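*Asks:* One structure is given below, represented as structure tokens, and several questions about it will come after.
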Amino acid sequence: GYALAIDLTARDIQDEAKKQGLPWTVAKGQDYFCPISNMLPKAQIPDPDNVGIWLRVNDEPRQRSNTKHMVHRTDFLVSYISHLFTLEPGDVILTGTPEGVGPIKVGDTVTAGIEGLMQMKFVVEADTE
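Here our numbering is used: the first residue of the sequence shown is 1, the next is one more, and so on.
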């Protein structure tokens, strides 16, 4: 099936890791940094290589693109990755990010969608731990 995933990065943590020559993984691996929508059955997206996707922050357009602009086709990605790793039910493959990346802050509302099929929405909250 298919879903939306918002792959967040803490740029301040990333910049510090770069300065120290450390891996950047810590900037992407924070709790709650990859919200994923509900899964759409494969049959609902007959052509995964021609799907409109969008993202808004506080109702202002930030990203709008189509999967036809991806560097590699979806079937190639799944085939290639499955030769490197064992794919299991529930595994998620993130395929890339459209242009328009920018900061979000506590209190912002992020809404993303797959044209005509679904949308997801969340409010950015501070980590209280």
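Cβ coordinates follow ideal geometry from the N, Cα and C atoms, glycine included. Computed from a prediction, not measured in an experiment: that's the story for all the values here.
Should Ile114 go down as buried or exposed, given a rule of 16 or more other Cβ atoms within 10 Å for buried?
*Replies:* Counting Cβ neighbours within 10 Å, Ile114 comes out buried, since at least 16 surround it.
*Asks:* Tell me the residue span of the alpha helix (DSSP H) that contains Ile81.
*Replies:* Thr74 to Leu84 is the extent of the alpha helix (DSSP H) around Ile81.
*Asks:* Between Ala3 and His69, what straight-line distance do the alpha-carbon atoms span, to the nearest angstrom?
*Replies:* Using only the alpha carbons, I get a separation of about 18 Å.
*Asks:* Give me the DSSP bridge partner(s) of Lys121.
*Replies:* Per DSSP, Thr111.
*Asks:* Give me the DSSP bridge partner(s) of Gln63.
*Replies:* Paired residue(s): Leu55.
*Asks:* What are the boundary residues of the alpha helix (DSSP H) that Ile13 is part of?
*Replies:* From DSSP, the alpha helix (DSSP H) with Ile13 extends over Arg11 to Lys19.
*Asks:* Would Asn38 and Met118 be called neighbours here (beta carbons separated by less than 9 Å)?
*Replies:* Yes; because the gap between Cβ atoms is below 9 Å, this pair is in contact.
*Asks:* What are the partner residues of Ala5, as DSSP defines its beta bridges?
*Replies:* Answer is Ile36, bridged to Ala5.
*Asks:* Could you have a look at Gln44 and say whether DSSP puts it in helix, strand or coil?
*Replies:* Looking at Gln44 - three-state DSSP - the assignment turns out to be helix.
*Asks:* Give the single residue among Lys105, Gly96 and Ser82 whose Cα lies nearest to the Cα of Ala5.
*Replies:* Ranking Lys105, Gly96 and Ser82 by Cα distance to Ala5 puts Gly96 first.
*Asks:* Please identify the residue among Tyr80, Gly102 and Ile53 whose C-alpha is closest to the C-alpha of Ile93.
*Replies:* Here the closest residue by C-alpha is Tyr80.
*Asks:* For Ala126, which of helix, strand or coil comes out of DSSP?
*Replies:* Three-state result, Ala126: coil.
*Asks:* Would Trp54 and Pro61 be called neighbours here (beta carbons separated by less than 9 Å)?
*Replies:* Yes, the pair counts as a contact, with Cβ atoms nearer than the cut-off.
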